[in-house]
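Each remark here refers to the structure printed beneath this line.
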Amino acid sequence: MTTLAGWRHSVDRYLGPTRALAALRRAPFTIGLLGLLWLTAIVTGSLPAGPPDNLFDVVAVSWDDLAGGRLWTVVTNGMWCFDLTGYLATTVLLLGIGVPAERRLGAGRSMLVLLASQVGGVLVAIPLVWLVSLTGEPWTSEIVADTTLGLSPGIVGLGLALSGQLGAMWRRRLRLFLLVGAAVMVLYSGTVQDVVRLFAGLVGLVIGLTVLGRPVRVAINASSRSETRVLTALLVAATALGPVATLFSKTANGPLGLLQYMFASPALDAGDVAEYCANGLQDTVNCRVVTAETLGTGIGSAITSIGPALLLLAVAEGLRRGRRFAWWLALVFNLMLGLGCVAFVTGYLYGETNFSDVIPNIAPIVLPFAVCGLLLGTRRVFTVTAPKRTYRRLAAGLLVAFVLTSAAYIGIGYLDRAHFKPMPDLTLLLTDLPSRYLPPGYALLTDIDFLPTGSLAILVWEYTGAVFWVVLLIGLLISFWRAKPVQDAEATVAARKLMEHNGGSSLAYMTTWPGNQYWFTPCRQAALAYRVSATVALTTGGPLGDPDLHRDVVAGFQRFCADNGWTPCLYSVTDRVRDAAVGLGWRAVQVAEDTVVALADLEFTGKKWQDVRTALNKAGKEGIAAEWLSYPDAPLAISDQVRAISEEWVADKGMPEMGFTLGGLDELDDRSVRCLIAVDADRTVHGVTSWLPVFEDGEAVGWTLDFMRRRGAGFRGVTEFMIASAALTLKEEGARFLSLSGAPLARLDRGEEVSSLQRILDITGKALEPVYGFRSLLSFKAKFQPEYRPLFMAYPDSSALPSIGNAIGRAYLPHLTARQGLRLVTKLLKN
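Here you go:
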């Protein structure tokens with residue numbers, strides 16, 4: 008029996024410290040460099056605030072150091088960091104990039120690439136900043152004398168050099184992440200180190216493209232529409248992440264640093280508050296404004312402060328999924344942002360006449376309008392819509408949230424008005440209400456008439472807007488994760504005809520079950536049945552129709568999903584479909600084991616069939632017979648017993664019946680499904696099985712076992728009796744085979760090397776054994792000497808595995824209640 012301790016042992020064995028240490032042992036350069044970095048920091052007293060001043064002047068690098076001939080600093084600057092945060096960030100970055108780089112490039116080449124990127128970034132970036140500063144450009148003139156310290160430039164260069172050795176998808180993602188991240192830091196934070204990091208990355212990219220060889224790899228058949236969406240979403244997200252990043256920077260000098268005031272509200276320090284609220288000025292507007300920006304316990308204010316940035320990140324997620332609604336939101340948001348920047352720069356910062364001071368801030372004004380132009384140019388790729396009810400629910404939810412939060416602020420604020428200074432009346436509370444939904448920094452645009460001093464007043468002051476922002480963000484994300492289903496009145500009929508012509512697998516009939524939608528090739532020669540859950544288009548089995556079109560079906564379905572903002576996942580497909588998907592750059596993992604019994608030469612003779620013969624003989628002695636029937640047409644006395652047996656089984660499990668590829672009573676209610684019962688002379692049903700047809704050229708050539716239940720008080724061996732009886736009858740009718748169906752999360756150990764994901768699935772199957780008994784089911788089927796055929800899950804994007812797992816869980820247990828979920832966890836902990 009599986010125990011929780013055993014499960015944890017398995018996890019530790021497969022995924023725990025042993026594997027992590029093994030990976031680290033294969034990266035001696037990375038571990039050595041990391042150890043040297045921390046050892047140097049400890050020995051030289053550089054923790055937590057960076058190297059001492061006398062050492063800093065020797066090891067850090069700046070333009071003055073290069074001009075003065077202190078060239079050793081191009082190397083030594085990488086061996087220290089500015090502070091403890093820098094050491095921790097460098098550690099994470101080095102482990103994340105250095106370990107896989109050594110695996111692909113080797114220790115020697117990894118060391119040379121990192122060193123070349125670090126040195127090259129310094130020698131290119133710092134002189135370039137100096138040259139631009141000679142023109143009088145304000146930003147470079149301000150940072151030209153600054154120093155830089157840290158290994159992150161070399162690591163970014165190593166990562167971009169490594170990208171050339173990866174598959175197309177991860178190559179693109181790593182490059183986008185590193186290049187856009189480095190560029191965003193330059194544009195918003197704008198320190199010399201940021202500039203060096205960007206150019207070190209470019210040096211590493213050039214090395215990867217020109218010096219390192221490219222391995223042979225399979226190209227991914229990606230949709231250009233999908234790529235356009237991803238790039239647009241990434242740019243929009245970068246405009247939101249940049250200002251947030253500047254909040255954690257002590258010096259935000261970048262060309263776009265001004266935009267942080269439009270996206271987020273930076274906290275004021277105590278000195279600023281003291282200056283505005285000096286003796287005699289405590290009740291002035293300026294004092295109330297700066298005090299308002301620093302009020303609250305922090306959580307609510309923090310949410311409201313970065314609300315616009317979070318909103319734009321949510322919109323970027325919608326753009327990535329091709330949502331038209333997200334496109335409109337992004338366009339309106341950036342248009343308002345651009346107009347706000349114009350007003351902010353020309354009005355608040357520089358008054359009404361000094362436009363020469365506005366020129367250095369042209370970039371923050373231009374960027375939002377440039378994003379608007381990009382959105383207008385790419386409008387055609389954002390075509391995905393959600394059901395109308397989704398937008399109605401979103402609007403209703405926001406209206407309810409606004410009404411409730413407004414009522415709470417006005418009601419509680421009025422009842423607790425004694426804790427405001429000065430004490431407001433109802434009119435003042437109503438006038439102040441709109442500002443509660445704006446970031447604290449936007450208080451600069453209005454007068455602050457009163458402030459909370461404590462108690463409930465400060466809670467409603469701080470959290471009114473925060474609650475609304477949270478509801479808004481959650482509502483937007485839900486609307487982006489729901490798509491309008493593709494409807495086709497003739498789809499079910501057309502798909503069934505393809506299934507009857509050539510189903511492709513023993514699970515083909517399951518594509519006719521409720522809940523499936525259908526995608527067809529352009530000429531409708533092949534189709535896939537799928538259901539969408541949590542933005543994952545999960546197929547039921549493989550393609551229907553012409554088996555020579557498997558590759559075209561997979562590629563076409565991938566494009567179809569990309570156009571709708573979904574992640575495709577082919578579930579429970581044969582090795583032939585798996586091979587077609589892998590040929591397109593997908594990955595695959597075994598998720599079940601199909602068991603097929605050939606009927607042509609089937610004879611229950613020999614020792615290996617002893618259990619089956621015993622069941623047949625015992626049934627005959629006890630007067631139990633096998634009867635075929637159609638469940639929809641069965642006598643009420645029989646159908647009631649079948650229903651009672653099923654309910655007894657479900658009650659014993661304490662869990663709902665699983666769906667998706669496992670049928671229940673609803674799927675039994677089909678005249679094309681054959682039902683075999685074991686019944687005695689008193690017409691007592693001891694067990695029931697259902698059999699799904701497997702078609703080829705319009706004829707049923709095989710049958711797949713689906714529904715299988717037995718009475719708790721029935722005779723032992725009833726299941727073996729029903730399967731054996733079905734095999735004998737169907738053999739006589741000319742069927743070629745029986746499939747005992749796939750056992751989910753169970754497989755034979757064929758001795759091949761397995762992936763980490765396969766190990767996770769094995770552990771999951773082992774953990775669920777006490778509840779659903781998948782492995783016991785596979786062992787039981789071995790009594791019929793079947794041929795084992797693996798069934799696979801194929802997916803194009805491993806980063807989507809969490810959402811794929813969620814979609815599969817929802818497909819199998821769509822009606823799982825909180826109580827049943829708790830019971831499932833309890834059972835796992837007990838066993």
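One rule links them: number in our numbering = place in the sequence shown (from 1) + 7.
Don't be surprised by glycine CBs; every beta carbon is placed ideally from N, CA and C.
What is the residue span of the beta strand (DSSP E) that residue i lies within?
i	result
R717	E706 to R717
A123	Unbroken run through A123 is the alpha helix (DSSP H), A114 to S140; no beta strand (DSSP E).
W70	Careful: W70 lies outside any beta strand (DSSP E), inside the alpha helix (DSSP H) at W70 to A74.
F744	F744 to P751
P797	E794 to Y802
I684	R681 to V686
T546	V543 to T546
L535	A533 to S540
Decide if residue i is buried, meaning its Cβ has at least 16 other Cβ atoms within 10 Å, or exposed.
i	result
M430	exposed
Q617	exposed
P909	What is shown of the chain runs 8 to 838, which leaves residue 909 out entirely.
C530	exposed
G215	buried
S806	exposed
M343	exposed
E497	exposed
P639	exposed
V65	exposed
D555	exposed
G358	Low local confidence applies: a pLDDT of 47 at G358 is under 50, so the model's placement there is unreliable, with the coordinate-based value given in what follows. Exposed is the call here.
T434	exposed
G741	exposed
Does DSSP put residue i in a helix, in a strand, or in coil?
i	result
N571	coil
C348	helix
Q524	strand
W635	strand
G601	The residue asked about is misnamed: residue 601 is Asp in this sequence, not Gly. Note: D601 maps to strand in three-state DSSP.
W698	strand
V225	At V225, the pLDDT of 44 sits below 50, so the modelled position is not reliable; the number obtained from the coordinates is stated separately. DSSP places V225 in coil when its eight states are reduced to three.
P431	coil
P459	strand
G215	helix
L374	helix
A34	coil
G314	helix
L288	For L288, the predicted model reports a pLDDT of 45, less than 50, meaning its position is unreliable and no value from the coordinates is stated.
A67	coil
G552	strand
R328	coil
T471	helix
E109	helix
I'd like to know whether the C-beta atoms of residue i and residue j end up nearer to each other than 7 Å.
i	j	result
I104	I162	yes
Y525	A534	yes
T546	Y516	no
T602	K788	yes
R717	V725	yes
A67	N84	yes
G345	F389	no
T839	R503	Residue 839 is absent from the model: the chain starts at 8 and stops at 838.
If you follow the alpha helix (DSSP H) that residue i is in, where does it begin and where does it stop?
i	result
S880	No answer is possible for residue 880: the residues shown for the chain start at 8 and end at 838.
R585	D582 to V589
A814	L808 to Y819
D673	L672 to L675
M506	A498 to H508
K625	Q617 to K628
If residue i sits next to residue j, beta carbons under 8 Å apart, how far is it from one beta carbon to the other, in whole angstroms?
i	j	result
N260	I150	6 Å
A189	L205	4 Å
G749	T696	That pair is no contact at about 16 Å.
D842	P797	Because the chain in this structure spans residues 8 to 838, residue 842 falls outside the shown range and cannot be described.
W710	L745	6 Å
A731	L623	6 Å
F427	F457	5 Å
L699	D713	5 Å
From the beta carbon of residue i, is the nearest beta carbon of chain C less than 7 Å away?
i	result
V701	Absent from the structure: chain C. Only one protein chain is present.
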